[in-house]
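Everything on this sheet refers to the single structure shown next.
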Amino acid sequence: VFDIATTNRFDPQSSLSFGRGKFETFSLSYADSSLVTGFVGKDIVQLGNYYAMTRFGCALDSNDPTMNGIDGILGMGMPDASLPNIPTPLLFALSSDRGGIEGANYINEKLLKRRKFAFLSTADTAEIQLGGYDRASTSADMVYMPTTSTTEYSVNVQSLTFGGIELLDWTDKQTPNAIPAILDTGTTCLIIPDTTLGGRVSSKPYSKFREIMTKGMSFYITIDGHLFEIPFTDWWQRTHNAPCVQKTPPSYAGLLLGDVVFQSLVVEFDLTKPHHPMIGIAPRNPMYSPVMPGSDDLLHKVAIVKRGG
Numbered sequence: 036v037f038d039i040a041t042t043n044r045f046d047p048q049s050s051l052s053f054g055r056g057k058f059e060t061f062s063l064s065y066a067d068s069s070l071v072t073g074f075v076g077k078d079i080v081q082l083g084n085y086y087a088m089t090r091f092g093c094a095l096d097s098n099d100p101t102m103n104g105i106d107g108i109l110g111m112g113m114p115d116a117s118l119p120n121i122p123t124p125l126l127f128a129l130s131s132d133r134g135g136i137e138g139a140n141y142i143n144e145k146l147l148k149r150r151k152f153a154f155l156s157t158a159d160t161a162e163i164q165l166g167g168y169d170r171a172s173t174s175a176d177m178v179y180m181p182t183t184s185t186t187e188y189s190v191n192v193q194s195l196t197f198g199g200i201e202l203l204d205w206t207d208k209q210t211p212n213a214i215p216a217i218l219d220t221g222t223t224c225l226i227i228p229d230t231t232l233g234g235r236v237s238s239k240p241y242s243k244f245r246e247i248m249t250k251g252m253s254f255y256i257t258i259d260g261h262l263f264e265i266p267f268t269d270w271w272q273r274t275h276n277a278p279c280v281q282k283t284p285p286s287y288a289g290l291l292l293g294d295v296v297f298q299s300l301v302v303e304f305d306l307t308k309p310h311h312p313m314i315g316i317a318p319r320n321p322m323y324s325p326v327m328p329g330s331d332d333l334l335h336k337v338a339i340v341k342r343g344g
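This is the structure we're talking about:
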C-alpha cells in the first residue's frame with residue numbers, strides 16, 4: 036500500500052511564489068499499470084543551474100507501493116505524449132525556446148539554450164547532463180538516429196544476440212527486419228519479447244535466452260545499424276544474484292531498454308526539433324565517474340541518487 040508519509044512532500048504553503056490557479060487534477064498511468072493522481076500547481080522549478088516558472092503535478096496518491104519513499108518523478112518526456120491536464124515536460128519548461136507550448140518566458144528565469152539532455156548510469160548512481168553530452172563520459176563518439184515515434188523515445192533494433200546466438204532469428208531473411216525498442220530510464224532491466232512476434236521470429240527471444248543463459252556472457256544489440264555491447268556486469272544483478280532480464284507483456288511487440296542499458300551506454304535525447312526527435316548513443320567510458328549530489332554544476336550535470344530494488 037502506498038503511504039504518502041514515507042515521502043518528502045512539497046509544501047505549497049511554504050512557497051511565496053506558488054500558485055494553484057483554477058482547480059486542476061491529473062491522473063497518470065504507466066506501462067506497468069501503476070497510477071499516480073493529484074493536483075496541478077505552478078511555481079519556480081530548478082534543475083541543476085536552470086530554473087523557470089512552470090506548472091507541475093503534486094501527487095497525492097498511487098496504487099503502487101514501490102512509490103513509497105520516492106519524492107517525485109522527473110518528467111523529461113515528449114510533449115506529443117502529454118495530455119491537456121498534464122503539465123509540459125520539464126525540459127521544455129526550462130528551455131529558452133518553448134515552441135509556444137508553455138507560454139511566454141518570464142523575466143526571472145535561467146534557461147537552457149539547447150533542448151538536449153544525456154543520461155548515464157552505474158550500479159550505484161546516475162547522472163543527467165543538460166544541454167548535450169560530455170565527451171569524457173563516452174569511449175567513442177555519439178552515433179545519431181531518428182526516433183520511430185514522437186510520443187516515446189523509441190528506436191529500431193535489428194538484432195539482439197547473447198553468447199553469439201541470435202535471439203531475434205527472423206523467419207524472413209530476404210527483407211530488412213526490426214522491432215521498436217523504448218529507451219526508458221524508469222525501467223530497471225532489459226525487457227525482451229516472449230512471443231514469436233506473430234511468426235516474424237522462429238522462437239521466443241526471452242525463452243531462448245533462459246535456455247542458453249550463461250554467466251559471463253554479453254548481449255550485443257544492433258540499434259539502427261550500430262552494434263553495442265551490454266556486458267555481463269551490467270545485466271547481472273549482484274544484490275539479487277539474478278539476471279536483470281525480463282519478458283515484455285504479450286501486448287507489446289518490442290523491447291524496453293532499461294537501466295542495465297544506461298549502465299553500458301550514454302544516451303543523448305535531442306528535442307531541438309520536437310516533432311523530429313533524435314537519439315544519440317555511445318559506449319560509456321568505464322573510467323568516468325558521475326557527479327556526486329551537491330557537487331558544483333560547472334558542466335551542467337545533475338546527480339541522481341539510485342534506490343535499491
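Start counting the sequence shown at 36; every next residue gets the next number (my numbering).
Using N, Cα and C, we set each Cβ at its ideal position, and we do this for glycine too.
Taking C-beta atoms under 8 Å as the contact rule, Q193 and T257 qualify, at a distance of about 5 Å.
Comparing alpha carbon positions, the residue from P266, D99, F304, T196 closest to V190 is F304. Counting along the chain, no beta strand (DSSP E) covers R245; the unbroken alpha helix (DSSP H) around it starts and ends at 240-247. Contact between Q281 and I217 does not hold, since their C-beta atoms are separated by about 14 Å, which reaches or exceeds 8 Å.
When F297, Q272, S97 are compared, the shortest CA-CA separation from E264 is found for F297. For the beta strand (DSSP E) assignment, the uninterrupted runs of no fewer than 3 residues enclosed by the stretch 177-222 are, from N- to C-terminal side, 178-181, 189-197, 214-218. A residue is called buried once 16 or more other Cβ atoms fall within 10 Å of its Cβ, and S52, having fewer, is exposed. Between G289 and V178, the C-beta spacing is not below 8 Å. A residue is called buried once 16 or more other Cβ atoms fall within 10 Å of its Cβ, and S299 is buried on that count. Residue environment analysis places L262 among the exposed positions, since fewer than 16 neighbouring C-beta atoms fall within 10 angstroms of its C-beta. Distance between F58 and N84, taken at the CA atoms: about 30 Å. Put simply, the backbone Cα of M102 is about 21 Å away from that of P328. The DSSP-derived three-state label of L232 is coil. CA-to-CA, the gap between R150 and T183 works out to about 19 Å.
For a cut-off of 8 Å, the C-beta gap from D106 to T42 is around 5 Å, short enough to register as a contact.
Straight across, the Cα-Cα distance linking F254 with S237 is about 19 Å.
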